[in-house]
Structure formats: C-alpha cells, structure tokens
Amino acid sequence: MATGPTRPPRPRKEPQPLVIPRSAAEEQRLKLERLMRNPDKTVPIPEKLNEWAPRPPPEFVRDVMGSSAGAGSGEFHVYRHLRRREYQRQDFMDAMAEKVGLVMENIPCDQLQQKLDEEYQKKLEQNKIVAEEQTAKRRKKRQKLKEKKMMAKKSKIEQKSEHTDSDRSPKQQTSEEEDGDASEEEEKDNTNEPGFVMGR
C-alpha cells in the first residue's frame, strides 16, 4: 500500500426526517428552510429567458402537399403539425402587434410593463373573486347537508330514546353517554397527529 497523505473523514450530516409536504405552501417553506440552513452558500438565480419566437418559414418548401386523392395515413398528422405551428406563429404576431401598438402610443417600456402588470393583477383579482364565490356557494351547500344530517341523526336518537326510555333505567343511559364521550375524545386526539412524517 502507498503511504500517501490520507484525507480526513468528511463530517457526517445529521439525518433529516423525511417530511412529505401536503400543500404548495408547505413545500415552499421546506425549500426556504433548506436554503437558510447554510446562508453562506451561493444561490443560483436563473437569468430571464428570452421570449419564445416561432421558427422562421423555410425559404424553399420541398414536400408540397398536393390535392390528389389517396393521401397516406400519415399525411393528416403532418398537416396537423403544420397547422398548429402556423396558429402559434399568428398568435405570436398578434401579441407583438399589440405590444408595438402600445409602444407606438409613446408609452415607455417600463410603463408598458407596468400597464401589463396591472392588467395581469386585475385578471388575478377577478379570478380570485370568482373562485371565492364558487367556494362560498359550495360551503353553503355543504353546511346545508351537514345540518340536514345532524337533524336526521337527532330525530333518530330522539325516536330511539322515546322507545327505550320505558325499558331502561337512568343509570344505564348515563353509562352509555359516558362511553360515547370517551370515543369522541379519542377521535379528536387521533386527528391532531401530524401526517406523513417519516424517519423518527
């Protein structure tokens, strides 16, 4: 064996418990915690990507589609892709014309960006209002169903208690109620446990 300089052993990292995020906010929180564990480490910030631009049309088209009958089974897919590409190109040209139109109105680039941001924020707010209305409507529907179930349950319990009051003594009823309260407390305790935490 060679007796060269030996490397010191690497410091062992503490094993972190595996936590599966349940929501996007929790996932973001975990990412931030991972970043803040080592604040000296540089964070790569990606540069702004260039805007997508369509491929320029070819100067010479070699495979011109004819109008003769008897096209092969693959021709439809070729046409479909060409059509999709053409629609993308037209959409891009429309968007550029809209931007140029705003620039032609002597709006500086920073104000143009600000105007586009404001429009985007308005659209977001409208979407949020619509979503809240739908949520409120669904919440109201759930509450109605819940109340209906509770009323049905209460009426069932009342009917049972009316039928069984004459058969039972009051001591038996109180012992059954205590058992029911204990089972409800156990259910509450079970719901407070964190979910999907591994590696304890």
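Residue numbers (my numbering): 906 to 1105. Yeah, the Cβ is synthetic: ideal placement off N, Cα and C, and Gly gets one too.
Just to confirm my understanding: we take residue i, look at its own chain, exclude 5 residues before and 5 after, and list those with CB closer than 7 angstroms. What are they?
| i | result |
| --- | --- |
| Glu-1003 | none |
| Ala-930 | none |
| Gln-1016 | none |
| Lys-1049 | none |
Spatial neighbours of residue i within its chain, please: C-beta separation below 6 angstroms, excluding the five flanking residues on both sides.
| i | result |
| --- | --- |
| Ser-1066 | none |
| Phe-997 | Pro-959 |
Could you have a look at residue i and say whether DSSP puts it in helix, strand or coil?
| i | result |
| --- | --- |
| Leu-923 | strand |
| Phe-965 | coil |
| Thr-911 | coil |
| Ile-950 | coil |
| Glu-956 | coil |
| Asn-943 | coil |
| Ser-1060 | helix |
| Arg-1044 | helix |
| Lys-918 | coil |
| Gly-977 | coil |
| Ser-928 | coil |
How about residue i and residue j: do their beta carbons lie closer than 9 angstroms?
| i | j | result |
| --- | --- | --- |
| Pro-944 | Arg-990 | no |
| Leu-937 | Val-948 | no |
Between which residues of its own chain and residue i is the CB-CB distance below 8 angstroms, once the five residues before and five after are set aside?
| i | result |
| --- | --- |
| Leu-1029 | none |
| Glu-932 | Pro-926 |
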